[in-house]
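Protein chains in written order, with the working numbering: chain F, 6 to 511; chain S, 130 to 635.
Glycine included, every Cβ here is placed at the ideal spot set by N, Cα and C.
Just so you know, these numbers come straight off a predicted model, no measurement behind them.
Below: the structure, in structure tokens.
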């Protein structure tokens, strides 16, 4: 089952090469839907109370090098997998409704990207994780570069330049992570049996000296991927270049792989380094929140508003994880799913708006709500969820994160709250600027087409459903999160943070 | 005369049968020219000879025997490297089909020289005596000097041959000088005797031996194109006929590394502590110089030349640690290097004949739309050389890094990671040219005032518009690329092959 989930998209993509151009989009959509169905079936079979892995597969892949093909599902990745499968359906269906150049290749790359993303969520072997993490970039490189938008007329980079920048930025982190992963396995094996199993390594543990430098190799990879402030340089160019259907999945899911990596790998494997560097990462997270928010309400390109808002949101998620408390991390997982569910429809709406208005500049949009009330309503739901309106799941997520942060680092929590306020500003600015105001000439205010509505409505329904019942995620995630976080707090040896932890636990 | 003082050494004819097969093939091909034009069957005879030799080598797999009074040794390392060289020669024969250089040199001579060079490589991989070492090295080199210059009408080809001759001779002389010091110190020419001599005479870290080691390293660094002794590489690669370049890039490197390993690990084993750091520094310099040098190259052959310098630096990592795993990693990497490089060179040969752009990067612009059967192999080759996952290049790097970290050379592993990042910029440039830029119409550029690019002059190389469809060019490219992906996904067979080779020295 878990193998089918992982490899089905890739197989569907291969078959697509042999289909006529007209049918490929639908074939790919069907494949993505089938993947989602498998994911949902697996979610129904999921045992809620257990903290350990379920549906595992574990066979030797390269025996001489200690690498295993090891997959599994637990509370940390279950909903991220569902999110991945869901958003890919949205992205692929949205693309299938439109003419694509060289459709076979386009949909093959989209589906290959889905397989590699699912792979990085499912991997329970450190090296397999690194492999899929790096592999994700390859299809996106081609998707951005070949179908992307040339910005050289506006003084920006061409699509290949922008995507090369993204590749180099993100691979800087990932390649160091490869060295770090190998070093982790070798040091923890200490001359004994070499294994990359995340579970086995976390049981054996590493000396603090090694943890310190390996922590940064991993942190570099994950922070660039998110992107966090000061390593986000690739983001604006890549977001402006990317084709919008691709951006739906890219922004919705890929950023979360970084945050997920912290929970899956960094917290269990480098617990002492984590508590030592907690403050630094929290500072980075705060800087991301502030910088992302400020940028989001100064930008005029609608893509970049959404892009920078992601930087801020990912800052929140990181802060939640590095609160090093179970509620913070629970909130982080909920918020990862929320943000994916919010940002994907946001980009679909942006794509629709760009088609209607022919521009990406917020200043020359407006008045769309006049003739398109349904679109406006859908957008309003998304916008209110983005700003974490009480009653939305995002509110619960941010509440959990801030709650965790208050109890461990109150100063950081106070500053992070300002991010919540700012998110209200940029989300509403985006909504007003496009939907209200005076309608400029040349803007066609048309209702959302039925076909796009079919894609958008389910995503918005998911937002509403989670708003009503966030426990769906929180309950299932909590046992695994407790385990990950306990790895840090339970064994924490550095005096400064452990005292706080003890005080809080009492 | 031949009385009691002289005993002819016992010759194990079964053991040296591969060498005999090559020699016979060489003589037959050369002599057959006497009886008329050999154009038809010289390639066939060459393939036959190579096939027979490969068969005889495989017959000795897992043997470990000393031949001809300790001059040669047949073990898995020698066999593995010989097989890599023979495979490279086989590909070269295919690529040389209809190659102008082969015609001009007279078919018989061209192929005889190729076999002569392979003979040198097999001997070199087997040699465990300073005398056979040097003789084999020259047997390898001298035919290559000539082969480089066989494209008589191209200025670059003659220049390339001459340059290679001068630099190669300098390298040989330096190596010979180093050997003299080592012989002077230990009084032995066979590798085991040298090791024994160093220990028995207390010569560890003795200046005499150290000078010898330094000079021998420099000489071998010339042959393996390790920076800073690499300056000839890009020029010679660019000037030589492309099939010969592909042969040199893979086979020469493999054979030279084989003897590098055997000489340093077996003969200079007691000195390991002294040469490890030195070679590690050379490797690091090579990685930086090669990758930075490749950045601005417009000629694909020069680009691959510089990339070869960097790759030699990576491969050197396997020798630096002087462990079983290190040598296995080195053999593994050389085997994958065969596939990665040959896929690229086959495409370059096809495009050189097909377009008027020679080996300039312009020759592959728009290849993705025009000739997918060539574009995919080159894409896979570039991604594999860059070490991206799902290719053998990734597993190769993983293997090397694992060996380096285990051998306490983590800093060199980090260099490999950093070098790989730099390398992405130029490998992806080639990929971008193929998929993300429109093709250039040869008709427009072929007229009048075109600048001469990368050694190609239109009169000398008539364009064959169907070269990109010829089976003898497409099949090797597709096969090599398929092997690159296959061993990236199922690396176990190649890992076993490399482990057998690596363990034969320990």
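Below 8 angstroms on the Cβ atoms is my guess for residue 223/F versus residue 72/F; work out the distance and round it to an integer in Å. For the purposes of this step, residue 223/F is taken as the residue at position 218 of the first chain. For the purposes of this step, residue 72/F is taken as the residue at position 67 of the first chain. Here residue 223/F is actually not in contact with residue 72/F; their C-beta atoms are around 18 angstroms apart, not less than 8 angstroms.
Starting from residue 66/F, trace the beta strand (DSSP E) in both directions and tell me its first and last residue. As a working note, residue 66/F is residue 61 in the first chain. Counting along the chain, the beta strand (DSSP E) containing residue 66/F begins and ends at 59-67.
Using a Cβ-Cβ distance under 8 angstroms, would residue 127/F count as near chain S? The residue given as residue 127/F occupies position 122 in the first chain. So no, residue 127/F is outside the interface.
Any C-beta of chain F within less than 7 angstroms: which residues of the region 609-632 of chain S qualify? Answer in chain order: 620, 621, 624, 628.
For residue 474/F and residue 467/F, the rounded distance between their alpha carbons: Within the first chain, numbered from 1, the residue matching residue 467/F stands at position 462. Within the first chain, numbered from 1, the residue matching residue 474/F stands at position 469. If I take the Cα positions, the gap works out to 10 angstroms.
With a cut-off of 8 angstroms, does the C-beta of residue 143/F fall near any C-beta of chain S? Against the first chain, residue 143/F aligns to sequence position 138. Taking a beta-carbon distance threshold of 8 angstroms, residue 143/F counts as an interface residue toward chain S.
DSSP beta-bridge partners of residue 78/F: As a working note, residue 78/F is residue 73 in the first chain. DSSP, once it has assigned bridges, lists 59/F as partnering residue 78/F.
To which residues of the same chain is residue 453/F closer than 8 angstroms at the C-beta, ignoring the five residues directly before and after it? As a working note, residue 453/F is residue 448 in the first chain. The answer, listed in chain order, is 357, 377, 379, 380, 383, 461.
Could you check whether residue 291/S and residue 390/S sit closer than 8 angstroms to each other, using their CB atoms as the reference points? By one-based count along the second chain, residue 390/S stands at place 261. By one-based count along the second chain, residue 291/S stands at place 162. Not in contact: residue 390/S and residue 291/S (Cβ atoms no closer than 8 angstroms).
Report the neighbours of residue 108/F on chain S: residues whose CB is nearer than 9 angstroms to its CB, in chain order. Counted from its first residue, the first chain places residue 108/F at position 103. None at all; the shortest Cβ gap to chain S is about 14 angstroms.
With C-beta atoms as the reference, is residue 278/F less than 8 angstroms away from residue 220/F? Residue 278/F sits at position 273 when you count from the first residue of the first chain. Residue 220/F sits at position 215 when you count from the first residue of the first chain. Yes, the pair counts as a contact, with Cβ atoms nearer than the cut-off.
Any idea what DSSP makes of residue 579/S, helix, strand or coil? Translated into the one-based positions of the second chain, residue 579/S becomes position 450. Because residue 579/S carries a pLDDT of 40, less than 50, the predicted location of this residue cannot be relied on, and the following value inherits that uncertainty. Residue 579/S falls in the coil class under three-state DSSP.
Report all residues from its chain with a CB closer than 7 angstroms to the CB of residue 215/S; omit the five preceding and five following residues, and keep chain order. Position 86 of the second chain, counting from 1, holds the residue named residue 215/S. The beta carbon of residue 215/S sits closer than 7 angstroms to the beta carbons of 179, 182, 183, 247 from its chain, once the five residues preceding and following it are set aside; these are given in chain order.
Backbone CA spacing between residue 602/S and residue 441/S [nearest angstrom]: One-based indexing of the second chain puts residue 602/S at position 473. One-based indexing of the second chain puts residue 441/S at position 312. In this structure, the alpha-carbon of residue 602/S lies about 26 angstroms from that of residue 441/S.
Quick check on DSSP: helix, strand or coil for residue 306/F? Locating residue 306/F in the first chain gives position 301, where the first residue counts as 1. In the three-state reduction of the DSSP assignment, residue 306/F falls in the strand class.
Provide the residue span of the beta strand (DSSP E) that contains residue 202/S, from first to last. Translated into the one-based positions of the second chain, residue 202/S becomes position 73. Run containing residue 202/S: 201-203, per the beta strand (DSSP E) assignment.
Please list the partners that residue 564/S has in chain F, where partner means a Cβ-to-Cβ separation under 8 angstroms. Residue mapping note: residue 564/S aligns to position 435 of the second chain, counting from 1. Chain F residues near residue 564/S: 147, 150, 151.
Is there a C-beta anywhere in chain S that falls below 8 angstroms from the one on residue 172/F? Reading the first chain from its first residue, position 167 is the one you call residue 172/F. Taking Cβ atoms only, chain S reaches closer than 8 angstroms to residue 172/F, which makes this a yes.
Helix, strand or coil, according to DSSP, for residue 177/F in the structure here? Residue numbering aside, residue 177/F sits at position 172 when the first chain is read from its first letter. It is helical.
Of all Cβ atoms in chain F, is any one closer than 8 angstroms to the Cβ of residue 453/S? Here the question's residue 453/S lines up with position 324 in the second chain. No, because no Cβ of chain F sits closer than 8 angstroms to the Cβ of residue 453/S.
Counting C-beta neighbours from all protein chains within 10 Å, is the total for residue 140/S 16 or more, i.e. buried, or is it exposed? Indexing the second chain from 1 puts residue 140/S at position 11. Classification for residue 140/S: exposed.
I want to see whether chain F comes within less than 8 angstroms of residue 578/S, judged by CB atoms only; does it? Taking the second chain and counting its residues from 1, the one referred to as residue 578/S is at position 449. A caution first: residue 578/S carries a pLDDT of 39, below 50, which makes its placement in the model too unreliable to give a value.
Residues of chain F with a CB under 7 angstroms from the CB of residue 549/S: which are they? As a first step, residue 549/S must be located in the second chain, where it is residue number 420. Simply 180.
Would you list the one or two residues that DSSP bridges to residue 366/F? Position 361 of the first chain holds residue 366/F. Per DSSP, 306/F.
Just the chain S side, please: which residues come within less than 8 angstroms of residue 187/F by C-beta, in chain order? Here the question's residue 187/F lines up with position 182 in the first chain. For residue 187/F, the chain S residues whose Cβ falls inside 8 angstroms of its Cβ are 527, 530, 531, 534, 542, in order along the chain.
Beta strand (DSSP E) segment containing residue 196/S, residue limits: Position 67 of the second chain, counted from the start, is the residue given in the question as residue 196/S. Counted as a single uninterrupted DSSP element, the beta strand (DSSP E) harbouring residue 196/S occupies residues 194-196.
Determine the chain S residues that contact residue 136/F at a beta-carbon separation under 8 angstroms, and present them in chain order. Along the first chain, one-based indexing puts residue 136/F at 131. What residue 136/F touches in chain S: 518, 519, 523.
Do residue 490/F and residue 329/F have their CB atoms nearer than 8 angstroms? Locating residue 490/F in the first chain gives position 485, counting from the first residue. Locating residue 329/F in the first chain gives position 324, counting from the first residue. Contact: yes.
With 16 other Cβ atoms within 10 Å as the buried cut-off, status of residue 142/S: One-based indexing of the second chain puts residue 142/S at position 13. With fewer than 16 Cβ atoms within 10 Å of its Cβ, residue 142/S is classed as exposed.
6 angstroms CB neighbourhood of residue 366/S in its chain, flanking five on each side removed: The count along the second chain starts at 1 and reaches residue 366/S at position 237. So the list reads 374, 430, 434, once near-sequence residues are dropped.
Closest residue to residue 145/S among 203/S, 272/S, 605/S, 544/S (Cα-Cα distance): Along the second chain, read from residue 1 onward, the residue named residue 145/S stands at position 16. Across the set 203/S, 272/S, 605/S, 544/S, the C-alpha of 203/S shows the shortest separation from the C-alpha of residue 145/S.
Chain F partners of residue 539/S, CB-CB under 8 angstroms? Against the second chain, residue 539/S aligns to sequence position 410. Here the neighbours are 184, 188.
If you run the structure through DSSP and keep just helix, strand and coil, what is residue 452/S? For this step, residue 452/S is matched to residue 323 along the second chain. If DSSP states are grouped into helix, strand and coil, residue 452/S belongs with coil.
Residues, ordered as in the chain, of the region 492-520 of chain S that lie near chain F by beta-carbon distance below 7 angstroms: Per Cβ criterion, the list reads 512, 517, 518, 519.
Do you know offhand how far residue 68/F's Cα is from residue 79/F's? By 1-based counting over the first chain, the position of residue 68/F is 63. By 1-based counting over the first chain, the position of residue 79/F is 74. CA-to-CA, the gap between residue 68/F and residue 79/F works out to about 26 angstroms.
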